[in-house]
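Colleague: My questions all concern the structure below.
Numbering (my numbering), first residue to last: 190 to 396.
Rendered as structure tokens:
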């Protein structure tokens, strides 16, 4: 294993097409296989890069530690964000792929947002499913023009809608082109998420 590729991961080179690679970031208890089918439904021809979170919570992989539901270890979040950003750069060189669009769910969406806030240059954009505002760092217009989709659940008991709105507003204020949509569901993903994300990707980067 390349020592720079610090995360256990899966890589699917995909096929020919106009879409950029997707960086798949699973939720709590997931792994590098969890979002492969979702990524393929949203972007049938994209290369897929899917790392496993390095933190364990009661045996369940996550991308950063938390003290309780919605109470995050911010120091660990910053450390893990830097590690993940370094992995993205190294994997891009290893596999010969362009900057990816992050497709993250729950804990994966939160660290995707943190990468966009702290290391925005390594991503081409983001699809953030059930994300919340974990840290309030605002990049100084380094997100200028980056496309970001945030999809929240109207009945989500884990992620307050106001927190998702605050995240979308912070990213937009930093120059990103943000589309925040709310679907009639809870924290779980639905067919509506797939349909919206696929359509958004086609309109954003497709021909």
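Ideal Cβ placement from N, Cα and C applies to all residues, glycine included.
In the DSSP output, which residue or residues are listed as bridge partners for residue 201?
Modeller: Per DSSP, 237.
Colleague: State the Cα-Cα distance for the pair residue 365 and residue 256, rounded to the nearest angstrom.
Modeller: About 30 Å.
Colleague: Can you tell me whether residue 385 is buried or exposed? The criterion is at least 16 other CB atoms within 10 Å of its CB, across all chains shown.
Modeller: Buried, because 16 or more other Cβ atoms sit within 10 Å of the Cβ of residue 385.
Colleague: Suppose the cutoff is 6 Å on Cβ atoms and the five residues either side in sequence are ignored; what does the same chain contact list for residue 201 look like?
Modeller: 237.
Colleague: Can at least three beta-carbon pairs, one atom from the stretch 301 to 312 and one from the stretch 216 to 236, be found at a separation below 8 Å?
Modeller: Verdict: no, contact absent.
Colleague: On the three-pair Cβ rule with 8 Å, is the stretch 255 to 271 touching the stretch 223 to 236?
Modeller: Verdict: no, contact absent.
Colleague: What did DSSP end up calling residue 368 once you bin it into helix, strand or coil?
Modeller: Strand, per DSSP.
Colleague: Tell me the start and end of each unbroken beta strand (DSSP E) in the stretch 260 to 316 that is at least 3 residues and wholly inside, in chain order.
Modeller: With a minimum length of 3 residues, the continuous beta strand (DSSP E) runs that stay inside the stretch 260 to 316 are 290 to 294.
Colleague: Short of 7 Å in beta carbon distance, which residues of its chain neighbour residue 345, apart from the five on each side in sequence? Order them along the chain.
Modeller: Result list for residue 345: 319, 375, 376, in chain order.
Colleague: If you measure between the beta carbons of residue 302 and residue 314, is that distance less than 9 Å?
Modeller: No, Cβ-Cβ distance for residue 302 and residue 314 is not below 9 Å.
Colleague: Tell whether a beta-carbon distance below 9 Å holds between residue 178 and residue 304.
Modeller: What the structure shows of the chain is the stretch from 190 to 396, and residue 178 is not part of that stretch, so it cannot be assessed.
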